[in-house]
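Numbering (my numbering), first residue to last: 20 to 320.
Okay, here's the thing in structure tokens:
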């Protein structure tokens with residue numbers, strides 16, 4: 020009900036929930052039910068794109084703005100003119116870009132990289148995150164003024180284990196889509212199979228439910244999905260996969276630790292080996308809570 024009401028307004032919406040709860044699906048539903056539904060819906064994962072590329076992806080760039088910029092690039096906000104922008108994993112947006120996003124919300128303007136003038140944009144901004152942004156504000160990782168601009172309407176998606184009553188409807192929806200994909204004549208679930216789906220823990224939420232049903236659909240040879248296939252799919256579920264932003268952050272931290280060990284904490288050497296300038300390396304070290312001095316003279320310790 021709140022989502023339907025939010026769709027009719029033009030207010031910014033912040034969607035919060037665990038990974039896999041269907042935040043992008045809800046954002047798309049809001050766009051489809053809004054007065055902007057005939058215009059573009061554009062989504063971007065703020066944690067999946069390197070910081071140095073994210074600015075250009077969001078705000079665009081002009082020809083010659085940097086090496087390789089051979090032509091003008093409109094950017095996400097201009098491409099979505101009149102429509103809706105979803106900023107997924109907004110909590111991973113770098114601080115400098117948070118300031119620029121605030122300008123879009125306040126002034127309705129963007130400045131492409133390398134441009135001397137701003138350009139007006141008319142978009143509705145939806146954002147989503149699995150992080151607690153209020154805690155991120157306390158830690159100085161997220162701007163409080165931006166948070167209040169984004170959080171005009173707050174929608175929280177509970178994990179699937181807390182809304183088990185939705186599982187039969189979701190399962191039937193996914194089954195309809197998947198039977199068409201695999202060209203199977205499967206009409207439903209055996210009663211004990213559906214009971215098993217409702218009782219499962221679903222740590223991966225809707226994403227995991229879809230994965231389990233896809234496996235069932237691919238292997239099913241009967242007109243209804245039996246409990247044995249559901250049990251197998253749940254038992255053989257893939258190892259928990261980190262969201263891309265988390266996996267990238269984990270790799271980045273491990274990589275920096277390896278370089279710090281190799282160079283005994285010499286930041287200039289870390290920068291040289293990584294092909295980055297010292298300022299950027301210091302910023303990365305601070306982001307990951309790494310202190311170069313702790314890696315000096317480790318052999319003597």
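Glycine is no exception: its CB is placed at the ideal position from the N, C-alpha and C atoms. Owing to the predicted nature of the structure, the values given are computational and were not obtained by experimental measurement.
Burial state of residue i, where buried means 16 or more other Cβ atoms lie within 10 Å
i: residue 30; result: exposed
i: residue 210; result: exposed
i: residue 40; result: buried
i: residue 49; result: buried
i: residue 55; result: buried
Alpha carbon of residue i to alpha carbon of residue j, nearest angstrom
i: residue 322; j: residue 161; result: Because residue 322 is not part of the residues shown, which for the chain are 20 to 320, the question remains open.
i: residue 43; j: residue 139; result: 26 Å
i: residue 111; j: residue 67; result: 9 Å
i: residue 81; j: residue 203; result: 50 Å
i: residue 147; j: residue 33; result: 6 Å
i: residue 152; j: residue 84; result: 33 Å
i: residue 187; j: residue 196; result: 14 Å
i: residue 59; j: residue 183; result: 33 Å
i: residue 142; j: residue 245; result: 47 Å
i: residue 213; j: residue 36; result: 25 Å
i: residue 155; j: residue 295; result: 27 Å
i: residue 169; j: residue 248; result: 43 Å
i: residue 72; j: residue 215; result: 45 Å
i: residue 297; j: residue 312; result: 15 Å
i: residue 258; j: residue 218; result: Summary for residue 258: the model assigns pLDDT 49, below 50, so the residue's position carries little reliability; its value from the coordinates is reported in the next sentence. Taking the straight line joining both Cα atoms gives about 20 Å.
i: residue 321; j: residue 310; result: The first residue shown for the chain is 20 and the last is 320, placing residue 321 beyond what the model contains.
DSSP three-state assignment for residue i, whether helix, strand or coil
i: residue 107; result: strand
i: residue 35; result: strand
i: residue 309; result: coil
i: residue 102; result: coil
i: residue 130; result: coil
i: residue 206; result: coil
i: residue 138; result: strand
i: residue 40; result: coil
i: residue 244; result: strand
Residue span of the beta strand (DSSP E) that contains residue i, given as start and end
i: residue 143; result: 143-148
i: residue 63; result: 60-64
i: residue 173; result: 172-176
Start-to-end residues for the alpha helix (DSSP H) that takes in residue i
i: residue 52; result: Segment: none, residue 52 is in no alpha helix (DSSP H) and carries neither H nor E.
i: residue 163; result: 163-169
i: residue 187; result: 186-201
i: residue 218; result: 210-218
i: residue 81; result: Unbroken run through residue 81: none, as it is neither H nor E.
i: residue 23; result: 21-27
i: residue 236; result: 224-238
i: residue 156; result: 152-157
Problem set entry | Touch test, the segment 217-226 against the segment 173-182, Cβ-Cβ under 8 Å, three pairs minimum | Under the three-pair Cβ rule at 8 Å, the segment 217-226 counts as touching the segment 173-182.
Problem set entry | Stretch-stretch touch, CB-based, cutoff 8 Å, three pairs: the segment 234-244 with the segment 267-277 | Taking one beta carbon from each stretch, the segment 234-244 and the segment 267-277 have fewer than 3 pairs nearer than 8 Å; the two do not touch.
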